[in-house]
Amino acid sequence: MSKLELQAVSKAFKAGKVLDRISLALEEGEIVAVFGHSGSGKTLLLRLIAGVEQPDEGRILLGGRDVTDDAPETRGVGMAFQNFALFPHMSAFDNVASALTARNAPGDVIRAKVEKVAALLKIGHVLGHAPRELSNGQKQRTALARALVAEPQILLLDDPLRNVDAKLRYEMRLELPSLLKASGSAVLYVTQDYKEAMALGDRIAVLSDREFTQIAKPAEIYGKPATISVASLFGDPTINLIPVAPLASPGETKIGVGGASVSLPPGFARLAGKSCVLGLRAEHIAVEDKASPDSFPVEVVAVTPLNEKTLLLLRTGDGREILASEAGTSEAPRRHGPAFARFDPRTVLLFDSDSGRRIAPQAA
Amino acid sequence: MEHTSVAERIVRGVLIALVVIFFLFPILWIFLMSFQTNEEILRIPPSPFFTPTLANYSALITGKLTTVSGTLDIAFMRNLWNSVLLSTASVAVALILGVPAAYAFARYKFRLGEDIAFTLLSFRFAPPLLVLLPLTLYFQRLGLTDTYVGLIWVYQLIALPLILWIVRGYFEDISPDIEYAYRVAGHSWWRTFIRIAIPLAGPGIAAAGLLAFIFCWNNFVFALILASAAKQPVTVGALAFVTASGIQYGQIAAAIVLSVAPTLALALYAQRYLVEGLSLGAVKG
């Protein structure tokens, strides 16, 4: 039985529909990262689950129980708000303890639980402070502690690392997965940072255009994105998108890229004559000094060394600019000037240029 | 601000002194008058030097006003007590009714909500005389003339809109997420209202309560028309000092000092609640 289940949930405001028939199920102990642009309805989704907003249609189930019409205090979820939403007139201790006092726990149990979660989040020394005396990082941890302390079945985290500085965000990104796993809760983690989604999510749910365009494991989101927009949201540098028109030739299907004719792997025969978009990740493009049968001539326009890789901006014969990356910083740095680019046809992604959906190869 | 020259500091000191004198001199003069006899007050030219007397205060407290034409009974202490009772009870009723109403107007959008809130505010626009005549007739019919209940009810015209509109603004300034966070943590709506919304709007509630108290205290015309001597507050009671044998300036001054004292004490006490910025650091700014 799923810990959390959304069944065709819709919500509209005066400005229009924000969520349209959204469905999702979370298993026990699973972390699902909800990824989307700001304004895509990620926060609204959490608020619907917490009971702070009411859906127009659809049902929300927690642990198999329909809670769609229940008040927030009866749902037993833990939630960390993006703006922390600490109670300014209470100490950090009372803030964290607020989730336990509601359940009428005895005082010493409350103290023990608060101190345990505070130690875990390294805020034990500031429990006596008022929220205004805490640094942003401590506020964020206090808000997180408040969500965690009652060991809820469902944990809703609304972009908890958004308002903290880069160093702390990096640290927390490393610590959070084990912390969340240890809690045993099913976690819905909202973020606008694709790296955070990839690092934290067992699965990623991509929210765009009022619905989940894809819900899959991080590797699948990256390797088999459902649409052009998902492909371009994940990956740094952004995936190269090149319009192509596959041509049928005896026994195979070919596409023309930068003046070279490349054979597609089997299964794409039906695409002949259709207009498509070719998605090519930068790391799948190899740049060489010498020509080979399937390479095409390019001009290296810019070279950007980033410690672990080097980014190359290439201009193809037909004037298109594409990005390639090479692992490591080669000892002899690549010079500007003519070179040859090549890619393995098995790594290409093809999208329907009308619908934007990825076209999977047909089984032979 | 630390780099001010001596000249600047002197100029600032002089200017502040001027403002203070302008506003406080009348109060100081009344305070001095309250220790003088009528003759000393009325001498020309006036002088700040006199032999202090407590006769004015003792006359007020004993309730025996001695004039050239004999001794008059005045009910000043009773009036003072009426003022305290009427103002306190009116503000208490207005807080009990107004604070939850202000919360409703701040948090919930409902049909005619804005219209109701504006209608309540409009009580402050209308001159009291406009409503007094019909009110007197109704009160006579209902048997509410010359009762504390009737006066406290009428005083809601003064106190309720004030509290409603000031406190509403404070509730609106509280991030709804803070309240939602408390509810998601498992607390009922009512507990959230009592434990989160009220404490956070505390300075606003204190300010509104204080203002409402002062306005009620200073009201004159409602009590003049709707109450008899036994139920009248000090503002109306002060009329008794205009006697057939002349105006008792010394007693009036003493009465003013005594009637200003409670509001002044209350204002000084409430001051620290007014300046306390509780909301600081609540949410990421």
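Those protein sequence lines, which keep their order, are chains V and Z. Going by the numbering used here, the first residue of the first sequence is number 4, and it counts up by one from there. Going by the numbering used here, the first residue of the second sequence is number 604, and it counts up by one from there. A virtual CB, placed ideally from N, CA and C, is assigned to each residue, including glycine.
Can you list, in chain order, the residues of the segment 162 to 195 of chain V whose Cβ is nearer than 7 Å to any Cβ on chain Z? Under the 7 Å Cβ criterion, the segment 162 to 195 of chain V contributes 166.
Using beta carbons (cut-off 9 Å, strictly below), is residue 86 of chain V in contact with chain Z? Chain Z contact via Cβ: present.
Residue 803 of chain Z: contacting residues in chain V (beta-carbon distance under 9 Å): Going along chain V in sequence order, the residues near residue 803 of chain Z (Cβ under 9 Å) are 90, 91, 92.
Pick out the complete alpha helix (DSSP H) segments inside the segment 791 to 848 of chain Z, 4 residues or longer, and give them in chain order. Listed in chain order, they are 792 to 795, 805 to 821, 824 to 829, 837 to 840.
So which residues on chain Z does residue 75 of chain V lean against when the C-beta distance must stay under 8 Å? By Cβ distance, chain Z contributes 783, 786, 787.
Delimiting residues of the beta strand (DSSP E) encompassing residue 215 of chain V: Counting along the chain, the beta strand (DSSP E) containing residue 215 of chain V begins and ends at 214 to 219.
Who are the Cβ neighbours of residue 383 of chain V in its own chain at under 7 Å, not counting the five residues just before and after it? With chain V running from 4 to 367 in the structure shown, residue 383 of chain V is simply not present.
Provide the residue(s) that pair with residue 871 of chain Z in DSSP beta bridges, ordered along the chain. In the DSSP output, where bridge partners are listed per residue, residue 871 of chain Z has none listed.
Pick from Z:786, Z:790, Z:627, Z:816 that is closest to residue 764 of chain Z, judged by C-alpha positions: Closest by C-alpha distance to residue 764 of chain Z, out of Z:786, Z:790, Z:627, Z:816, is Z:816.
For residue 612 of chain Z, count neighbouring Cβ atoms within 10 angstroms of its own Cβ and tell me buried if that reaches 16, exposed if not. Exposed, since its Cβ has fewer than 16 Cβ neighbours within 10 Å.
Mind checking if residue 882 of chain Z is an interface residue toward chain V, Cβ cutoff 9 Å exclusive? The pLDDT assigned to residue 882 of chain Z is 41, lower than 50, so where the model puts this residue is not dependable; a value taken from the coordinates is nonetheless given after this. It does: the Cβ of residue 882 of chain Z has a partner Cβ on chain V nearer than 9 Å.
What does the alpha-carbon distance come out to for the pair residue 60 of chain V and residue 20 of chain V? Each residue's Cα considered, the two are about 12 Å apart.
Could you name the residues that DSSP lists as bridge partners for residue 246 of chain V? Bridge partners of residue 246 of chain V: V:280.
Assign residue 790 of chain Z to buried or exposed, taking buried as 16 or more other Cβ atoms, counted over all protein chains shown, within 10 Å of its Cβ. Residue 790 of chain Z comes out buried.
Determine the burial state of residue 168 of chain V: buried for a count of at least 16 other Cβ atoms within 10 Å of its Cβ, exposed for fewer. Answer is exposed; the Cβ neighbour count stays below 16.
Counting only Cβ pairs nearer than 7 Å, list the residues of chain V close to residue 749 of chain Z. Ordered by position in chain V, no residue passes the 7 Å Cβ test against residue 749 of chain Z, which lies about 44 Å from the chain.
Is the segment 799 to 815 of chain Z in contact with the segment 767 to 786 of chain Z, if contact means three or more CB pairs nearer than 8 Å? Verdict: yes, contact present.
With a cut-off of 8 Å on the beta carbons, I'd call residue 682 of chain Z and residue 853 of chain Z a contact; round off their distance for me. Their Cβ separation, rounded to whole angstroms, is 17 Å, which puts residue 682 of chain Z and residue 853 of chain Z out of contact at 8 Å.
Do the segment 838 to 848 of chain Z and the segment 695 to 713 of chain Z touch if we need at least three Cβ pairs shorter than 8 Å? Cβ pair count under 8 Å is below three, so no.
Proximity test, Cβ basis, 9 Å: residue 887 of chain Z and chain V: Annotation note: pLDDT 36 at residue 887 of chain Z (below 50); position unreliable, no value reported.
Who are the Cβ neighbours of residue 58 of chain V in its own chain at under 7 Å, not counting the five residues just before and after it? Within the same chain, Cβ atoms closer than 7 Å to the Cβ of residue 58 of chain V are found at 12, 13, 14, 51, 71, the five residues on either side in sequence being excluded.
Within the same chain, show all residues whose beta-carbon is closer than 6 Å to that of residue 235 of chain V, passing over the 5 residues directly before and after it, in chain order. Answer for residue 235 of chain V: 241, 242, listed in chain order.
Excluding sequence positions up to five away, which residues of its chain have a Cβ less than 7 Å from the Cβ of residue 193 of chain V? Cβ within range, chain order: 37, 45, 46, 49, 160, 161, 162.
Check distances from the C-beta atoms of the segment 625 to 641 of chain Z to those of chain V and list, in chain order, the residues that come in under 8 Å. Taken residue by residue, none of the segment 625 to 641 of chain Z has a beta-carbon sitting less than 8 Å from a beta-carbon on chain V.
Taking the beta strand (DSSP E) that residue 770 of chain Z falls in, what are its first and last residues? Annotation for residue 770 of chain Z: no beta strand (DSSP E) segment contains it, though the alpha helix (DSSP H) segment containing it runs 751 to 776.
Quick one: any contact between the segment 320 to 329 of chain V and the segment 283 to 290 of chain V, if contact means 3 or more CB pairs under 8 Å? Because the criterion of three Cβ pairs below 8 Å is met, the segment 320 to 329 of chain V and the segment 283 to 290 of chain V touch.
Is the shortest distance between the beta-carbon of residue 3 of chain V and the beta-carbons of chain Z less than 9 Å? The requested residue 3 of chain V is not part of the displayed model; chain V covers only 4 to 367.
Name the DSSP bridge partner or partners of residue 308 of chain V? V:313.
Kindly list, in the order they appear in chain Z, the residues whose Cβ is closer than 7 Å to that of residue 101 of chain V. Going along chain Z in sequence order, the residues near residue 101 of chain V (Cβ under 7 Å) are 785, 788.
Helix, strand or coil for residue 38 of chain V? Go by DSSP, reduced to three states. Reduced to three states, the DSSP call for residue 38 of chain V is strand.
DSSP beta-bridge partners of residue 300 of chain V: Partner(s): V:343.
Within the 9 Å Cβ cut-off, does residue 145 of chain V reach chain Z? No, its Cβ sits nowhere closer than 9 Å to a Cβ of chain Z.
Can a CB atom of chain Z be found closer than 9 Å to the CB of residue 68 of chain V? Look at residue 68 of chain V: its C-beta is not under 9 Å from any C-beta on chain Z.
Could you give the DSSP three-state label for residue 866 of chain Z: helix, strand or coil? DSSP places residue 866 of chain Z in helix when its eight states are reduced to three.
Would you kindly work out how many angstroms separate the C-alpha atoms of residue 660 of chain Z and residue 749 of chain Z, rounded to a whole number? Residue 660 of chain Z and residue 749 of chain Z: Cα-Cα distance of roughly 28 Å.
Burial state of residue 684 of chain Z (16 or more Cβ within 10 Å): Result: exposed.
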